[in-house]
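Taking it in order: structure first as structure tokens, then the write-up.
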Amino acid sequence: YYLERNRVTAVPSGECNFHIFYYLITGASPEVRQHLHLQDKAHYRYLRQHSTGAHLNAIRVDNAHQFKQLKVALKTIGLSN
Numbered sequence: 016y017y018l019e020r021n022r023v024t025a026v027p028s029g030e031c032n033f034h035i036f037y038y039l040i041t042g043a044s045p046e047v048r049q050h051l052h053l054q055d056k057a058h059y060r061y062l063r064q065h066s067t068g069a070h071l072n073a074i075r076v077d078n079a080h081q082f083k084q085l086k087v088a089l090k091t092i093g094l095s096n
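Be aware that the sequence shown starts at 16, since it is given in the working numbering, and climbs by one per residue.
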């Protein structure tokens with residue numbers, strides 16, 4: 016992927032970058048987050064630059080679902096914990 020400096024340092028309005036971080040923060044179990052030394056989303060300035068309110072709750076649910084799908088896909092190709 017082509018990485019533009021402004022996309023790496025800030026989240027463009029109405030978008031999110033580095034989806035895997037959102038997936039991990041919302042979808043990984045507390046044990047996995049602890050193992051990866053991940054803290055709550057509020058700890059990461061980059062991740063806090065996202066939508067708020069009802070839209071954010073819908074995104075959290077979708078990110079958790081996407082994380083589950085990602086785990087299934089990785090397991091399918093032989094990558095698992």
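All C-beta atoms, glycine included, are put in the ideal place defined by N, C-alpha and C.
Residue i to residue j span [Cα, whole Å]
{"i": "LYS90", "j": "GLN84", "result": "10 Å"}
{"i": "TYR55", "j": "GLY93", "result": "Contrary to the premise, residue 55 reads as Asp rather than Tyr in this sequence. So the two alpha carbons sit approximately 29 Å from each other."}
{"i": "ASP77", "j": "TYR37", "result": "10 Å"}
{"i": "VAL87", "j": "LEU51", "result": "19 Å"}
{"i": "ALA69", "j": "LEU53", "result": "Below a pLDDT of 50, predicted positions are generally treated as unreliable, and ALA69, at 48, falls in that range; no measurement from the model is reported."}
Closest by C-alpha distance to residue i, when choosing among the options
{"i": "ALA79", "options": "ALA25, ASN32, ALA43 and GLU30", "result": "ALA43"}
{"i": "HIS58", "options": "ILE40, VAL47 and ASN32", "result": "ILE40"}
{"i": "SER28", "options": "SER95, LEU62 and PHE82", "result": "LEU62"}
Beta-carbon contacts of residue i that lie in its chain and below 7 Å, excluding the five residues immediately before and after
{"i": "PRO45", "result": "none"}
Contact set for residue i: own chain, Cβ-Cβ below 8 Å, skip 5 residues either direction
{"i": "ILE35", "result": "LEU85"}
Neighbourhood of residue i by C-beta, 6 Å cutoff - its chain only, sequence neighbours within 5 removed
{"i": "GLN81", "result": "TYR38"}
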